[in-house]
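Student: In full-length UniProt numbering, the protein residues as written are 1 to 171.
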Amino acid sequence: MHSQFKILYAEYKHQIFFFVKKYIHGQDDIEDVVQDIFVHLWKHRDQLDKNKEAIIFKTAKQEVANFYRRNKLSFSDFKEETHLSIVKDEYDEDEFRSYSEQAQKLLKLIPEKSKSFFLKHKIDGLSYSEIAKESSISKNAVAKHVNKVLNILKTNIHLFFFILIFIKKLL
Numbered sequence: 001m002h003s004q005f006k007i008l009y010a011e012y013k014h015q016i017f018f019f020v021k022k023y024i025h026g027q028d029d030i031e032d033v034v035q036d037i038f039v040h041l042w043k044h045r046d047q048l049d050k051n052k053e054a055i056i057f058k059t060a061k062q063e064v065a066n067f068y069r070r071n072k073l074s075f076s077d078f079k080e081e082t083h084l085s086i087v088k089d090e091y092d093e094d095e096f097r098s099y100s101e102q103a104q105k106l107l108k109l110i111p112e113k114s115k116s117f118f119l120k121h122k123i124d125g126l127s128y129s130e131i132a133k134e135s136s137i138s139k140n141a142v143a144k145h146v147n148k149v150l151n152i153l154k155t156n157i158h159l160f161f162f163i164l165i166f167i168k169k170l171l
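#1: In this structure, how does DSSP classify residue 138 when only helix, strand and coil are distinguished?
#2: Use the C-beta contact count for residue 28: other C-beta atoms within 10 angstroms, 16 or more gives buried, fewer gives exposed.
#3: Between the alpha carbons of residue 90 and residue 55, how many angstroms are there, rounded?
#4: Run through DSSP, which three-state label would residue 119 get?
#5: Going by other Cβ atoms of all chains shown within 10 Å of its Cβ, with 16 needed for buried, is residue 123 buried or exposed?
#6: On the criterion of 16 or more Cβ atoms from any shown chain inside 10 Å, does residue 117 qualify as buried, or is it exposed?
#7: Identify whether residue 107 lies in helix, strand or coil by the three-state DSSP scheme.
#8: So, for residue 66: in the same chain, excluding its five sequence neighbours on each side, which residues have a beta-carbon less than 6 angstroms away from its beta-carbon?
#9: According to DSSP, simplified to helix, strand and coil, what is residue 29?
#10: Could you give the distance in angstroms between the alpha-carbon of residue 9 and the alpha-carbon of residue 38?
#11: Can you give the Cα-Cα distance for residue 52 and residue 155, rounded to whole angstroms?
#12: Where residue 59 and residue 40 are concerned, what is the direct C-alpha to C-alpha distance, given to the nearest angstrom?
#13: Please confirm whether residue 241 and residue 137 have their CB atoms less than 8 angstroms apart.
#14: Please report how far the alpha carbon of residue 24 lies from the alpha carbon of residue 149, in whole angstroms.
#15: Can you round the beta-carbon distance between residue 43 and residue 30 to whole angstroms, since I take them to be within the 8 angstroms contact cut?
#16: Can you tell me where the alpha helix (DSSP H) holding residue 62 begins and where it ends?
#17: Should residue 7 be labelled buried (16 or more other beta-carbon atoms within 10 Å of its own) or exposed?
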């Protein structure tokens with residue numbers, strides 16, 4: 001059983017680390033949350049046979065939420081129950097429509113140039129240098145645009161998760 005867990009750890013440690021790093025800043029905090037995730041997975045290892053990846057990332061989302069709760073940090077309008085309900089694949093039609101409308105309003109707040117750079121970087125996988133060269137601006141300017149979008153999304157975390165899930169379903 002220990003060797004199975006070592007394989008799981010080796011397979012997912014980087015993905016989980018970078019997932020947590022998106023939402024938590026500070027190396028020590030990130031490492032603590034990643035450790036909490038793997039401790040939780042170890043305790044519930046018998047359930048990992050069923051839909052392993054979904055369980056791993058649901059656990060990661062819950063541990064990130066626990067970190068914010070423990071540290072009394074919050075995002076505007078962040079409600080854990082709401083966040084967890086939109087992570088599920090079973091959407092209530094009215095709830096889905098409501099989130100969709102909120103997400104569209106949020107996306108309208110983001111300047112077009114920033115949105116374009118963000119999508120090129122996060123969805124198309126272009127580097128800041130590639131985007132800068134293509135747009136004839138500095139790499140730092142591209143970084144500022146991408147970070148502007150990230151900050152808007154992070155302050156509206158429940159919509160951020162909705163947008164990520166919605167984009168993932170479209171791809």
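The C-beta atom is built at its ideal place from N, Cα and C for all residues, glycine as well.
Tutor: Walking through what the data contain:
#1: To locate residue 138, count along the sequence shown from 1; it is residue 138. Residue state, collapsed to three classes: coil.
#2: Taking the first residue of the sequence shown as position 1, residue 28 is located at position 28. When all chains shown are included, residue 28 counts as exposed.
#3: Mapped onto the sequence shown, residue 90 falls at position 90. Mapped onto the sequence shown, residue 55 falls at position 55. Bear in mind that a pLDDT of 43 at residue 90, under 50, signals an unreliable position, so the number given afterwards is only what the model happens to contain. The straight-line gap from Cα to Cα measures roughly 16 angstroms.
#4: Working through the sequence shown from its first residue, we reach residue 119 at position 119. Residue state, collapsed to three classes: helix.
#5: The count along the sequence shown starts at 1 and reaches residue 123 at position 123. With fewer than 16 other Cβ atoms within 10 Å, it is exposed.
#6: As a first step, residue 117 must be located in the sequence shown, where it is residue number 117. Residue 117 is buried by the Cβ-count criterion.
#7: In the sequence shown, residue 107 corresponds to position 107, counting from 1. In the structure shown, residue 107 sits in a helix (DSSP, three-state: H, G or I).
#8: Start at 1 with the first residue of the sequence shown, and residue 66 comes out as number 66. None.
#9: Position 29 of the sequence shown, counted from the start, is the residue given in the question as residue 29. Note: residue 29 maps to helix in three-state DSSP.
#10: Stepping through the sequence shown from its first residue, residue 9 is reached at position 9. Stepping through the sequence shown from its first residue, residue 38 is reached at position 38. Roughly 8 angstroms separates the two Cα atoms.
#11: Translated into the one-based positions of the sequence shown, residue 52 becomes position 52. Translated into the one-based positions of the sequence shown, residue 155 becomes position 155. Their Cα atoms are separated by approximately 30 angstroms.
#12: In the sequence shown, the residue the question calls residue 59 occupies position 59. In the sequence shown, the residue the question calls residue 40 occupies position 40. Near 8 angstroms, if we compare the C-alpha coordinates of residue 40 and residue 59.
#13: Residue numbering for the chain in the displayed model covers 1 to 171; residue 241 lies beyond these limits and cannot be assessed.
#14: Taking the sequence shown and counting its residues from 1, the one referred to as residue 24 is at position 24. Taking the sequence shown and counting its residues from 1, the one referred to as residue 149 is at position 149. If you take the alpha carbons of residue 24 and residue 149, they lie about 16 angstroms apart.
#15: Within the sequence shown, the letter at position 43 stands for residue 43. Within the sequence shown, the letter at position 30 stands for residue 30. Contact doesn't hold; Cβ gap of about 21 angstroms is too wide.
#16: Position 62 of the sequence shown, counting from 1, holds the residue named residue 62. Segment 52-70, the alpha helix (DSSP H) holding residue 62.
#17: Walking along the sequence shown from the start, residue 7 turns up at place 7. By the 10 Å Cβ count, residue 7 comes out exposed.
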